[in-house]
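Visitor: Sharing a structure, written as structure tokens. Questions coming.
Number of protein chains: 2
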Amino acid sequence: MAEEKRTYSISELAKEFDVTTRSVRFYEDQGLLKPSRRGQTRIFSSKDRVRLKLILRGKRMGFSLAETKELFDLWDETLTGNEKQLLKMLTILDNKRAQLEQQKNDIAQAEMEMDTAEARCREALADLQKRKRQQKGAEREAPASAEQK
Amino acid sequence: MAEEKRTYSISELAKEFDVTTRSVRFYEDQGLLKPSRRGQTRIFSSKDRVRLKLILRGKRMGFSLAETKELFDLWDETLTGNEKQLLKMLTILDNKRAQLEQQKNDIAQAEMEMDTAEARCREALADLQKRKRQQKGAEREAPASAEQK
DNA sequence: GATAAAGTTTACGTAAACGTAAAGTAAATT
DNA sequence: AATTTACTTTACGTTTACGTAAACTTTATC
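One line per chain: the protein sequences are A and B, in this order.
Residue numbers for the first sequence, in this note's numbering: 38 to 186.
Residue numbers for the second sequence, in this note's numbering: 38 to 186.
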């Protein structure tokens, strides 16, 4: 198995995922990352790296850090968990699935509405072009634009 | 055309969409809803209702109120907008589409990982069951469970 | 050995999205 | 007339997710 033994400094991770070191430290503070230490300095494992990736994806999907942490914790518990924990995990997975279904619907709806929005924009633009052309035509018939009542 | 003339009170809307009246007032405060007034009392149109629905969907999709407001404003401007505004709207629509693509990827990834998570749970559960059965078997061979060194 | 570069802790500040309480108005009901 | 019900404004409080600044260490470089 690919037991990746690489480690990462805080700024390496921050740069790779385009977040601040402040954020990374905050995630540790909230219990989402658990880097080891060499002296004071944090040393992040590839597990931490994966978790950071998951954190950020969670954010894009509208998950709070607390929600993501709960998932992490439950996930860890599946390794040692008793029956009750495992069953809880399964129901939570079900809930998350429902949430994802909802999001997929939301996205589909949004895409449709963006289609009509784009169409409206293009129509409006076409209208503007048309009026421009008409005005040019009028100018040719009455040059120097002599407006009259 | 179906020019829906229904109006809604604040609590009607709040109840329908399961939000607090506080939230609805806040959305108005931020310029996302524009109810008319009878005296002091807010009167919401069906346009407001639609917008509230969009606000909440936006939230589920991880949009901030400010983002949603920007979309509302741009949408309104497509009715009167000049060329520049319209083109801006089109590029913003493009950006949002890219965002939706990203979200779809995120969701697909999440679904895969939830599949493996569920599998892991079920395996762990099966293991527990197995161990239970083995213990029962042992008890039958050595009843009253007489443990020995 | 001074200085720069990257890391650290501590701690106060901030924006977003409301919650919550206080105090008042306006209409409907008993 | 008194009370309930629904609405209002004003305003301070709260949580989340960091930003930002100050004051240190540790390690690498000139």
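Note that beta-carbon positions come from the ideal geometry of N, C-alpha and C, so glycine has one too.
(1) Answer yes or no: does any C-beta atom of chain A fall closer than 7 Å to that of Arg157 (chain B)?
(2) At the level of alpha carbons, what is the spacing between Asp143 (chain A) and Met98 (chain B)?
(3) Roughly how many angstroms separate the alpha carbons of Ala147 (chain A) and Ala154 (chain A), rounded to a whole number?
(4) For the stretch 160-172 of chain A against the stretch 51-58 of chain B, do three or more pairs of beta-carbon atoms, one drawn from each stretch, fall closer than 8 Å, so that the two count as touching?
(5) Under the three-state reduction of DSSP, which class applies to Thr115 (chain A): helix, strand or coil?
(6) When the Cβ atoms of the stretch 115-133 of chain B are set against those of the stretch 78-86 of chain B, are three or more pairs found closer than 8 Å?
(7) Using a Cβ-Cβ cut-off of less than 8 Å, give me the residues of the stretch 84-100 of chain A that come near chain B, in sequence order.
(8) Measuring only the C-alpha atoms, how far is Lys90 (chain A) from Phe109 (chain A)?
(9) Name the chain A residues that come within less than 8 Å of Asp143 (chain B), Cβ to Cβ?
(10) From Ala135 (chain B) to Lys141 (chain B), what distance separates their C-alpha atoms?
(11) Drop a sphere of 10 angstroms on the beta-carbon of Val87 (chain B), count the other beta-carbons inside from all chains shown, and report buried for 16 or more, exposed for fewer.
(12) If the cut is a Cβ gap below 8 Å, which residues of chain B does Gly174 (chain A) touch?
(13) Taking the straight line between their C-alpha atoms, what separation do you get for Lys71 (chain A) and Glu150 (chain A)?
(14) Would you call the CB atoms of Lys125 (chain B) and Gly68 (chain B) closer than 7 Å?
(15) Name the two residues that bound the continuous beta strand (DSSP E) containing Arg74 (chain A).
(16) With H, G and I counted as helix, E and B as strand and the rest as coil, what does DSSP make of Thr82 (chain B)?
(17) Closer than 8 Å by beta-carbon distance: list the chain A residues that pair up with Gln146 (chain B), in chain order.
(18) Using the Cβ count rule (16 or more neighbours within 10 Å means buried), how would you classify Arg94 (chain B)?
(19) Does any CB atom of chain B fall closer than 7 Å to the CB of Thr117 (chain A)?
(20) Using a Cβ-Cβ cut-off of 7 Å (strictly less than) and excluding sequence neighbours within five positions of Thr58 (chain A), which residues of its own chain qualify?
(21) State the beta-bridge partners of Thr44 (chain A) as determined by DSSP.
(22) Cβ of Glu104 (chain B) less than 7 Å from any chain A Cβ?
(23) Excluding five sequence neighbours on each side, which residues of the same chain lie with their C-beta closer than 6 Å to the C-beta of Leu102 (chain A)?
(24) Within 7 Å of any Cβ in chain B, is that where the Cβ of Thr57 (chain A) sits?
(25) When Cβ atoms are compared, which residues of the stretch 128-142 of chain B fall closer than 8 Å to chain A?
(26) Report yes if the CB atom of Cys158 (chain B) is closer than 7 Å to the CB atom of Thr115 (chain A), and no otherwise.
(27) Around the C-beta of Ala161 (chain A), are 16 or more other C-beta atoms found within 10 angstroms, so that it is buried, or is it exposed?
(28) Which residues in the same chain as Arg74 (chain B) place their Cβ atom closer than 8 Å to its Cβ, once the five residues preceding and following it in sequence are excluded?
Guide: To lay it out plainly:
(1) yes
(2) 7 Å
(3) 10 Å
(4) no
(5) helix
(6) no
(7) Arg94, Lys96, Arg97, Met98, Gly99
(8) 12 Å
(9) Arg94, Arg97, Met98
(10) 10 Å
(11) exposed
(12) Here the premise fails: no neighbours, minimum Cβ distance about 19 Å.
(13) 43 Å
(14) no
(15) 73-75
(16) According to the sequence displayed, residue 82 (chain B) carries Ser and not Thr. Reduced to three states, the DSSP call for Ser82 (chain B) is strand.
(17) Arg94
(18) buried
(19) no
(20) Ile47, Ser48, Ala51
(21) A:Ser82
(22) no
(23) Gln67
(24) no
(25) Leu130, Lys133, Arg134, Leu137, Gln139, Gln140, Lys141
(26) yes
(27) buried
(28) Ile80
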